[in-house]
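J.: Below you'll find the structure I mean.
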Amino acid sequence: MSRVPPTGQSNLRVYDRVGPLYDAVIGPVSRRARDRAVASLRLAPDETLLLVGVGSGLDLPHLPRGVRGLGVDLSDGMLQRARARKEQLGMPNFELREMDAQDLALPDASFDAVYLPLIVTVAPDGPRVLAEAARVAKPGARLVVVDKFWPEERPRSAPVRLASRFLGALATHVDRRFSEIHAGAPHLEVVGDEHLALGGFFRLVTLRKPGS
Ligand SMILES: C[S@@+](CC[C@H](N)C(=O)[O-])C[C@H]1O[C@@H](n2cnc3c(N)ncnc32)[C@H](O)[C@@H]1O
2 MSRVPPTGQS
12 NLRVYDRVGP
22 LYDAVIGPVS
32 RRARDRAVAS
42 LRLAPDETLL
52 LVGVGSGLDL
62 PHLPRGVRGL
72 GVDLSDGMLQ
82 RARARKEQLG
92 MPNFELREMD
102 AQDLALPDAS
112 FDAVYLPLIV
122 TVAPDGPRVL
132 AEAARVAKPG
142 ARLVVVDKFW
152 PEERPRSAPV
162 RLASRFLGAL
172 ATHVDRRFSE
182 IHAGAPHLEV
192 VGDEHLALGG
202 FFRLVTLRKP
212 GS
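Okay, here's the thing in structure tokens:
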């Protein structure tokens, strides 16, 4: 029997089922980007990390083994794969929990670094995901966003909007601009913006929460 996602978010039903296919297709093509993203987090040994939308845990092999922190996701199917991967790797200080990225059940200013790979265009309210990440980040924390963003200057035609609504309900939106996501936490300072693939459609954006 299929589990009804607590939020009613339709693409979670898809993520619950596609773990093996997701890993086979996305795993090999995303390794280099994950290496770059984890390097951008600049994690010191005693620091804590929040991984928002941890999925099946494809990032876990790229993290330092002793990393302290938490990975959250709303898909039970994806989390089961992440748990198996964590056990295999041996990451005793890294916890996994079912949690909505749009409404993190976590205290303010808890993490030294926050990583958001392929989540701000997947959750229904991307700006809200960034706002929550900013809230739980400590002053001075680094936040790394990896995702696909529609070019700021390029108009979005009606067919593009329609296709994005359909794809969003299924898996991910493709018409979100980074500026729209950033509007959720405009106090975050953009300190890096690298093009990763597809002519800059995929980007690695590094942000910093003001404070010491
Ligand atoms: C495209 S996958 C990315 C997974 C992983 N970050 C990666 O890079 O492989 C999107 C993930 O976001 C999760 N997700 C979608 N909406 C969410 C929400 N509201 N809260 C938490 N996780 C969510 C999905 O379950 C899925 O695992």
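All the letters of the sequence shown, read from the start, carry residue numbers 2 to 213 under this note's numbering.
Each residue gets a CB set at the ideal place from its N, CA and C atoms; glycine is no exception.
If you're wondering where the values come from, they're calculated on a predicted model, not measured in any experiment.
1. Taking only the alpha-carbon atoms, compute the straight-line gap between Ala114 and Leu208 and give it to the nearest angstrom.
2. Find the nearest neighbour of Arg86 within the set Val73, Ala102, Pro62, judged by alpha-carbon distance.
3. Considering only the alpha carbon of each residue, which of Gly212, Glu96, Arg178, Pro125 lies closest to Lys139?
4. When we look at the beta-carbon of His183 and count the other beta-carbons within 10 Å, is it buried (16 or more) or exposed?
5. Applying the criterion that 16 or more other CB atoms from any shown protein chain within 10 Å of the CB defines a buried residue, is Leu117 buried or exposed?
6. Within the chosen definition, does the stretch 67-79 reach the stretch 92-108 through at least 3 CB pairs nearer than 8 Å?
7. Considering only the beta carbon of each residue, do Ala145 and Ala25 sit closer than 8 Å?
8. Would Gly141 be called buried (16 or more neighbouring beta carbons within 10 Å of its own) or exposed?
9. What would DSSP say about Arg98, mapped onto helix, strand or coil?
10. Check Gly9 in the structure and name its three-state DSSP category.
11. Considering just the uninterrupted stretch of the beta strand (DSSP E) at Glu154, what are its terminal residues?
12. Assuming Ala102 and Ala135 are in contact, meaning their beta carbons sit under 8 Å apart, how far apart are those beta carbons, in whole angstroms?
13. Does the distance from the CB of Val161 to the CB of Phe179 come in under 8 Å?
14. Are Val130 and Asp109 close, meaning C-beta to C-beta below 8 Å?
15. Residues bridged to Asp126 by DSSP?
T.: Concretely, from the data shown:
1. Residue numbering aside, residue 114 sits at position 113 when the sequence shown is read from its first letter. Residue numbering aside, residue 208 sits at position 207 when the sequence shown is read from its first letter. Whole-angstrom Cα-Cα distance: 10 Å.
2. As a first step, residue 86 must be located in the sequence shown, where it is residue number 85. The shortest Cα separation from Arg86 among Val73, Ala102, Pro62 belongs to Pro62.
3. Here the question's residue 139 lines up with position 138 in the sequence shown. Of the candidates Gly212, Glu96, Arg178, Pro125, the one whose C-alpha sits nearest the C-alpha of Lys139 is Gly212.
4. Reading the sequence shown from its first residue, position 182 is the one you call residue 183. Classification for His183: buried.
5. Start at 1 with the first residue of the sequence shown, and residue 117 comes out as number 116. Burial call: buried.
6. Counting Cβ pairs under 8 Å, three or more are found: they touch.
7. On the sequence shown, position 144 is the one that residue 145 refers to. On the sequence shown, position 24 is the one that residue 25 refers to. Note that residue 145 is Val in the sequence shown, not Ala. Contact flag unset, no.
8. Position 140 of the sequence shown, counted from the first residue, corresponds to residue 141. By the neighbour-count rule (16 or more Cβ atoms within 10 Å), Gly141 is not buried but exposed.
9. For this step, residue 98 is matched to residue 97 along the sequence shown. Here Arg98 sits in strand by DSSP.
10. Working through the sequence shown from its first residue, we reach residue 9 at position 8. Residue state, collapsed to three classes: coil.
11. Residue numbering aside, residue 154 sits at position 153 when the sequence shown is read from its first letter. No beta strand (DSSP E) holds Glu154; DSSP gives it neither H nor E.
12. As a first step, residue 102 must be located in the sequence shown, where it is residue number 101. As a first step, residue 135 must be located in the sequence shown, where it is residue number 134. With a Cβ gap of about 12 Å, Ala102 and Ala135 do not count as contacting.
13. Looking up residue 161 in the sequence shown gives position 160. Looking up residue 179 in the sequence shown gives position 178. No, they are not a contact pair.
14. Taking the first residue of the sequence shown as 1, we reach residue 130 at position 129. Taking the first residue of the sequence shown as 1, we reach residue 109 at position 108. No, the pair does not count as a contact, with Cβ atoms beyond the cut-off.
15. For the purposes of this step, residue 126 is taken as the residue at position 125 of the sequence shown. Paired residues: none, contrary to the question.
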